[in-house]
Amino acid sequence: MKTAIYLVRHGEVHNPERVFYGRLPGFRLSELGKKQAETLGTFLKRRPIAALYTSPLERAQETLTYVGKHFSHLTPMVDERIIEVGSPLEGRSWEELEREQWNFYRFSEHTRGGGEHLSDIWKRMRQFLLETAKKHRGQEVLAVSHGEPIMVTHTKLTRKRLHLPIVRSHWVENAAGITLTFDSFGAVNVSKLAF
Numbered sequence: 000m001k002t003a004i005y006l007v008r009h010g011e012v013h014n015p016e017r018v019f020y021g022r023l024p025g026f027r028l029s030e031l032g033k034k035q036a037e038t039l040g041t042f043l044k045r046r047p048i049a050a051l052y053t054s055p056l057e058r059a060q061e062t063l064t065y066v067g068k069h070f071s072h073l074t075p076m077v078d079e080r081i082i083e084v085g086s087p088l089e090g091r092s093w094e095e096l097e098r099e100q101w102n103f104y105r106f107s108e109h110t111r112g113g114g115e116h117l118s119d120i121w122k123r124m125r126q127f128l129l130e131t132a133k134k135h136r137g138q139e140v141l142a143v144s145h146g147e148p149i150m151v152t153h154t155k156l157t158r159k160r161l162h163l164p165i166v167r168s169h170w171v172e173n174a175a176g177i178t179l180t181f182d183s184f185g186a187v188n189v190s191k192l193a194f
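For the sequence shown, numbering that gives the first Met the number 0 assigns the number 0 to the initial residue and increments by one for each residue that follows.
Next comes the structure, spelled out in structure tokens:
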């Protein structure tokens, strides 16, 4: 009996000021992001989705609104564990960060500033995935999350080291993601969500 979790990233965000938004409130989908979410929903409507999960952030919930209209019989559940990475850079402009030549790949600066460590992201994502796979055994589940948590998950489940350049090699586009298929023994297969 297989269990599938579709772990997808939210649609493109309306961010004309080019702010590093992280977990800040008020960042919703752009017009393109809404179309991306609709396209994702059209693709997934053929799947027998049994449960819907979302990050508490607006852009993820809005994405799920577009996808979820195909699953109106399901009540979306908000889960804090699939939220975006916490960062001390929230609210700063990309222009300012570029001027300072801030490099996200120097992750030690990020964590020293109070940012969430990659291993902490994996810990909460792993907990969510194991609990969700157990709760919905033999079913298909959709979870709308964010880029970094999905890339960290992909990295760990393909048995690679949590090193930022490796994590970023698993880049996930907006309104796209990965499929995690759990077999009856608990082994997990990771594949790109193709549509």
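We put the beta carbon where it would ideally sit given N, CA and C, even for glycine.
Next on the checklist: Less than 8 Å between the C-beta atoms of serine 29 and valine 12, yes or no?
Outcome noted: Counting from one through the sequence shown, the residue named residue 29 turns up at place 30. Counting from one through the sequence shown, the residue named residue 12 turns up at place 13. Their beta carbons are under 8 Å apart, which means serine 29 touches valine 12 by this criterion.
Item to check | Local conformation of alanine 174 per DSSP, three classes | outcome: For the purposes of this step, residue 174 is taken as residue 175 along the sequence shown, with counting starting at 1. It is coil, neither helix nor strand.
Checklist entry - Do asparagine 188 and glutamine 35 have their CB atoms nearer than 8 Å? => result On the sequence shown, residue 188 is found 189 positions in, with the first residue counted as 1. On the sequence shown, residue 35 is found 36 positions in, with the first residue counted as 1. No, Cβ-Cβ distance for asparagine 188 and glutamine 35 is not below 8 Å.
Checklist entry - Near threonine 62, what residues of its chain come up, given a Cβ to Cβ distance below 7 Å and the 5 sequence neighbours on each side ignored? => result The residue you call residue 62 lines up with position 63 of the sequence shown. The residues are His9, Gly10, Leu28, Ala36, Val143, Ala174.
Item to check | From Ala132, Arg22, Arg45, Lys33, residue whose alpha carbon lies closest to that of tyrosine 52 | outcome: As a first step, residue 52 must be located in the sequence shown, where it is residue number 53. Minimum Cα distance to tyrosine 52 is reached at Ala132.
Next on the checklist: I'd like the list of long-range same chain contacts for leucine 56, defined as Cβ closer than 7 Å, with 5 residues on each side in sequence excluded.
Outcome noted: Translated into positions along the sequence shown, residue 56 becomes position 57. Arg22, Ile82, Glu83, listed in sequence order.
Checklist entry - What is the DSSP secondary structure of lysine 191, counted as helix, strand or coil? => result Position 192 of the sequence shown, counting from 1, holds the residue named residue 191. Lysine 191: strand per DSSP, three-state reduction.
Item to check | Through-space distance from glutamate 79 to lysine 159, alpha-carbon basis | outcome: Position 160 of the sequence shown, counted from the first residue, corresponds to residue 159. Position 80 of the sequence shown, counted from the first residue, corresponds to residue 79. Distance between the alpha carbons of lysine 159 and glutamate 79: 25 Å.
Checklist entry - What span of residues does the beta strand (DSSP E) with tyrosine 65 cover, start to end? => result Within the sequence shown, numbered from 1, the residue matching residue 65 stands at position 66. Careful: tyrosine 65 lies outside any beta strand (DSSP E), inside the alpha helix (DSSP H) at 57 to 67.
Checklist entry - Can you tell me whether DSSP reads glutamate 95 as helix, strand or coil? => result Reading the sequence shown from its first residue, position 96 is the one you call residue 95. The answer is helix: DSSP assigns glutamate 95 an H, G or I state.
Checklist entry - Are the CB atoms of glutamate 147 and serine 92 nearer to each other than 8 Å? => result As a working note, residue 147 is residue 148 in the sequence shown. As a working note, residue 92 is residue 93 in the sequence shown. The answer is no: Cβ separation not under 8 Å.
Item to check | Secondary structure of threonine 74, DSSP reduced to three states | outcome: Counted from its first residue, the sequence shown places residue 74 at position 75. Of the three classes helix, strand and coil, the one that applies to threonine 74 here is coil, per DSSP.
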